[in-house]
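K.L.:
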């Protein structure tokens, strides 16, 4: 196995919290494969690169020889965890959860090594748990401590309802770590609290407490918001290779390094060299191409990544309007008129109105092939081919 | 059946809270036997008259023709309810709970009509409940609402730990009402919050919410504290008839009316007449004798009540020191000296030091037959026969 110090560098790259570093070093020094738990609530089958940050960290651990447990919280999903959300999540019926779980795993194995993944569901032990056993679990944690969780605390202070069953979710999640005898649990930084509950539960059951490592939120393609489907600034894991490639090529140089750190499997030495080369004058476009190629290849295959690259280069060189651009459909009343700037801002094709004005001033916005010098009014029933800068293309349809 | 208005008078006599009076009147007007739930946590097998307040209310309802359900919370007892207590109650193992339950019922049927009592245990439905079902129950109640319960609130504010499992107790108790399809639930006033949870649960399960009626705490034989074993101001339900009789005879006239209201089965018309007679000059001792006789008779039988009365009268007339006085055993070091006043105060034979001084000034305290004029020092290994006033006798043993 790789030396502990080197492993630690890879494992902690881009991470936010590590509890406790000392314990993790001790575990790595034992030279045995660690049991790495990552829990997923099968409620969001539309996965994007934001989710891939965690999957990538799991893959790094697999590549280092550790045992990854992909835990589907099919039981806990029936409870609903409101982490980071301010409203009580509606319950999902079991058939839907099972279908989501299937979609989830289909997508996640684009990134994970299936051979080195233990796929588990917490219904395995939770379905047979009695009410009495759950009550005994609930003895091990206090109300005050639970109310320290940031979202619970703010909801409590703002007098928004928290159902008592929501307090049971972190306990069940913690108990999962007991059942799986985990050495380390990974999760998004918004899960930090829940992950530490596992430590408390394991201690109660006489086990060594797991280490906890969290990953940050991935920023979207443009702007300072996190990547999310609703913000439209995302790359879906199920998107075609050429879309993935082109979208990565559209991000800023700064955003590129953020993605490298959190999404690339190249090691720290290679990454450091790349940064230095670019700092010393190498074309950042080449670094971006390497990342776009890596991601398109990992999410599809090398052949498709090559094709995506070729298509992009051709489009870029000829500044051709793509045959199949992103379609943005706007619902409008028959006599309604909508400013283009508003549509582009809404669709996240520009990050802000000021970007829109700047791009326009630089002759960077084309509508149906012509540069525009002032905002235009879009009408119901019409279509507009939009090009912003060199790489952003879209077809806007008002229907 | 008795007219609704008359029933309402009997049912509410001496009660504290009634939710909702209007609903109860409607129920009584239907003229059907009500399903009356009273839950008991089988953790206090040493019952005293304080507990009998509730039993008496149950008996009154039985006498009015209603169906009383005596629910033993053998499942909830494994959770532990900290109502009115400031520390987390330790769990009790099931065999102990079962034994307590047996002792409980043996004592309670001195007051209840066994033929008209449905004896149930909530383990009947709770033992087979799954963790998933409990979680679904926990959806129906919010953390904020639970923290409104007085003892939870004060513990939370004082940063004393509340285990999450304590939040599950009121929910299970409320679910009991659903399973039993109750029309009304009775409980001590400290249980008000828990009883109202039953209303919420019943509504969730499409039932009419139960009415809630609470009974007050019974004051002790002397002083202003509630009756309790630890305060030594109590009459145990298992005490001999003559002790019960004599202890009732020792209370003040004012306390006598308090006991009448909460413990006697005589109806309101009879009670009003008794009050008027005493107000018009009848000897309160005769009213006290009637109450002492009623309680000794109900807790034992009429024959024993007669014997108790005879013995008391003989003792009282001759001011004889009883053959078998209350024994108070004080643990003392061999060379330790303890003031009599302190022992009497501790043992609740006097309500306060000032009562001690007043009684002594009136030549009302005898030690081994002699009046004392100043506090005396008691010594290890010795015994003291104490008489305070006309009716309080005790043997103090320092060992």
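Protein chains in written order, with my numbering: chain D, 1 to 399; chain U, 1 to 399.
Cβ coordinates follow ideal geometry from the N, Cα and C atoms, glycine included.
The structure presented is a predicted model; accordingly, all values stated were derived computationally and were not measured.
1) Taking the C-alpha atoms as reference points, what is the distance between residue 261/D and residue 275/D?
2) Distance cutoff 9 Å, beta carbons only. Does residue 159/D sit that close to anything in chain U?
3) Nearest by alpha-carbon distance to residue 240/U: which of 309/U, 65/U and 73/U is it?
4) Using a Cβ-Cβ cut-off of less than 9 Å, list which residues of the region 170-199 of chain D approach chain A; keep chain order.
5) What do you reckon, are the CB atoms on residue 307/U and residue 246/U nearer than 9 Å?
6) Excluding five sequence neighbours on each side, which residues of the same chain lie with their C-beta closer than 7 Å to the C-beta of residue 387/U?
7) Note down, in chain order, each residue of its chain lying with its Cβ closer than 7 Å to the Cβ of residue 196/D, except the 5 sequence neighbours on either side.
8) Does the beta-carbon distance from residue 9/U to residue 233/U come in below 9 Å?
9) If we count the other Cβ atoms within 10 Å of its Cβ and call it buried at 16 or more, is residue 183/U buried or exposed?
10) Nearest to residue 56/D by alpha carbon, out of 112/D, 257/D and 36/D?
11) Our contact map puts residue 278/U next to residue 287/U with C-beta atoms below 8 Å; I'd like the distance itself, whole angstroms only.
12) Considering just the uninterrupted stretch of the beta strand (DSSP E) at residue 235/D, what are its terminal residues?
13) Please report the distance separating the alpha-carbon of residue 181/U from that of residue 73/D.
14) Can you list the residues of chain D that residue 134/U reaches, using a CB-CB cut of under 7 Å?
15) What are the residues that DSSP puts in a beta bridge with residue 211/U?
16) Counting pairs of beta carbons, one from the region 127-147 of chain D and one from the region 158-168 of chain U, are three or more of them closer than 8 Å?
17) Kindly say whether residue 127/U, judged by its beta-carbon, lies nearer than 9 Å to any beta-carbon of chain D.
18) Beta-carbon within less than 7 Å of residue 61/U's beta-carbon, same chain only, minus the 5 sequence neighbours each way: which residues are those?
19) Please determine, among 102/D, 222/D, 137/D and 107/D, the residue with the shortest C-alpha to C-alpha distance to residue 252/D.
20) Classify residue 383/U: buried if its beta carbon has 16 or more other beta carbons within 10 angstroms, exposed otherwise.
21) Which chain D residues sit within Cβ distance under 7 Å of residue 259/U?
22) According to the Cβ coordinates, are residue 379/U and residue 349/U closer than 9 Å?
23) Tell whether a beta-carbon distance below 9 Å holds between residue 49/U and residue 259/U.
24) Is there at least one Cβ from chain D nearer than 9 Å to residue 163/U's Cβ?
25) In chain order, which continuous runs of the beta strand (DSSP E) of length 3 or greater are located wholly inside the region 273-360 of chain U?
26) If residue 215/D sits next to residue 198/D, beta carbons under 8 Å apart, how far is it from one beta carbon to the other, in whole angstroms?
27) So which residues on chain U does residue 234/D lean against when the C-beta distance must stay under 9 Å?
28) Under a CB-based cut-off of 9 Å, is residue 419/U close to chain D?
29) Between the region 97-109 of chain U and the region 145-152 of chain U, do at least 3 Cβ pairs fall closer than 8 Å?
30) Between residue 138/D and chain U, is any beta-carbon pair separated by less than 9 Å?
31) Run through the DSSP bridge pairs and tell me what residue 40/D is partnered with.
32) Going by DSSP, what residue range makes up the alpha helix (DSSP H) through residue 383/U?
33) From the DSSP output, in three-state form, read off residue 252/U for me.
34) In its own chain, which residues sit with a C-beta less than 6 Å from the C-beta of residue 242/D, not counting the 5 before and 5 after it?
35) Using a Cβ cut-off of 9 Å (strictly closer), state whether residue 124/U contacts chain D.
36) Return the residue from the list 371/U, 145/U, 351/U and 331/U that minimises the CA-CA distance to residue 193/U.
P.N.:
Reading it off the structure:
1) In the first chain, residue 261/D corresponds to position 261, counting from 1. In the first chain, residue 275/D corresponds to position 275, counting from 1. Take the alpha-carbon of residue 261/D and the one of residue 275/D: they are about 11 Å apart.
2) Residue 159/D sits at position 159 when you count from the first residue of the first chain. By this cut-off, residue 159/D is an interface position.
3) In the second chain, residue 240/U corresponds to position 240, counting from 1. Here the closest residue by C-alpha is 309/U.
4) Absence of chain A from the displayed structure is noted, the protein chains being D and U.
5) Stepping through the second chain from its first residue, residue 307/U is reached at position 307. Stepping through the second chain from its first residue, residue 246/U is reached at position 246. Cβ distance not < 9 Å, so residue 307/U and residue 246/U don't count as in contact.
6) Position 387 of the second chain, counted from the start, is the residue given in the question as residue 387/U. Shown here for residue 387/U: same chain residues with a beta carbon closer than 7 Å to its own, the five before and five after excluded, namely 321, 366 and 393 in chain order.
7) As a first step, residue 196/D is located in the first chain; it is residue number 196 there, counting from the start. If we look at residue 196/D and ignore the five residues flanking it on each side, its Cβ neighbours are 19 and 212.
8) One-based indexing of the second chain puts residue 9/U at position 9. One-based indexing of the second chain puts residue 233/U at position 233. It is not a contact, given that the beta carbons lie outside the stated cut-off.
9) Sequence index remark: in the second chain, residue 183/U carries index 183 (1-based). The residue is buried, with at least 16 neighbouring Cβ atoms inside 10 Å.
10) Taking the first chain and counting its residues from 1, one reaches residue 56/D at position 56. Residue nearest to residue 56/D within the set 112/D, 257/D and 36/D is 112/D (criterion: CA-CA distance).
11) Within the second chain, the letter at position 278 stands for residue 278/U. Within the second chain, the letter at position 287 stands for residue 287/U. Confirmed, about 6 Å.
12) If you number the first chain from 1, residue 235/D lands on position 235. Element bounds for residue 235/D: n/a, residue is neither H nor E.
13) Residue numbering aside, residue 181/U sits at position 181 when the second chain is read from its first letter. Residue numbering aside, residue 73/D sits at position 73 when the first chain is read from its first letter. One C-alpha to the other measures close to 35 Å.
14) Your numbering for residue 134/U matches position 134 in the second chain. Simply 131 and 134.
15) The count along the second chain starts at 1 and reaches residue 211/U at position 211. Residue 211/U is bridged to 184/U.
16) Contact between the region 127-147 of chain D and the region 158-168 of chain U is present, because at least three Cβ pairs lie under 8 Å.
17) Locating residue 127/U in the second chain gives position 127, counting from the first residue. Interface residue, yes.
18) Taking the second chain and counting its residues from 1, the one referred to as residue 61/U is at position 61. The answer, listed in chain order, is 11, 36 and 68.
19) Against the first chain, residue 252/D aligns to sequence position 252. Measuring from the Cα of residue 252/D, the nearest candidate turns out to be 222/D.
20) One-based indexing of the second chain puts residue 383/U at position 383. For residue 383/U, the number of other beta carbons within 10 angstroms of its own is below 16, and it is reported as exposed.
21) The count along the second chain starts at 1 and reaches residue 259/U at position 259. Going along chain D, no residue has its Cβ under 7 Å from residue 259/U, so there is no contact; the nearest lies around 39 Å.
22) If you number the second chain from 1, residue 379/U lands on position 379. If you number the second chain from 1, residue 349/U lands on position 349. For residue 379/U and residue 349/U, no; Cβs fall outside 9 Å.
23) What you label residue 49/U is simply residue 49 of the second chain in a count that begins at 1. What you label residue 259/U is simply residue 259 of the second chain in a count that begins at 1. In contact: residue 49/U and residue 259/U (Cβ atoms closer than 9 Å).
24) In the second chain, the residue the question calls residue 163/U occupies position 163. By this cut-off, residue 163/U is an interface position.
25) Uninterrupted beta strand (DSSP E) stretches at least 3 residues long and entirely within the region 273-360 of chain U occur at 326-330 and 337-339, given in chain order.
26) On the first chain, residue 215/D is found 215 positions in, with the first residue counted as 1. On the first chain, residue 198/D is found 198 positions in, with the first residue counted as 1. Actually they are not in contact, since the Cβ atoms of residue 215/D and residue 198/D sit about 16 Å apart, beyond 8 Å.
27) Counted from its first residue, the first chain places residue 234/D at position 234. Simply none; closest approach about 32 Å.
28) In the structure as shown, chain U starts at 1 and stops at 399, and residue 419/U therefore has no counterpart that could be examined.
29) No: fewer than three Cβ pairs fall under 8 Å.
30) Translated into the one-based positions of the first chain, residue 138/D becomes position 138. Output row for residue 138/D: interface = yes.
31) The count along the first chain starts at 1 and reaches residue 40/D at position 40. In the DSSP output, where bridge partners are listed per residue, residue 40/D has 72/D.
32) Locating residue 383/U in the second chain gives position 383, counting from the first residue. Where residue 383/U is concerned, there is no enclosing alpha helix (DSSP H), although the beta strand (DSSP E) it sits in stretches over 383-388.
33) The residue given as residue 252/U occupies position 252 in the second chain. Three-state DSSP puts residue 252/U in coil, outside helix and strand.
34) As a position in the first chain, residue 242/D is number 242, starting the count at 1. Answer for residue 242/D: 308 and 311, listed in chain order.
35) What you label residue 124/U is simply residue 124 of the second chain in a count that begins at 1. Output row for residue 124/U: interface = no.
36) What you label residue 193/U is simply residue 193 of the second chain in a count that begins at 1. Considering only 371/U, 145/U, 351/U and 331/U, the residue with the shortest C-alpha distance to residue 193/U is 145/U.
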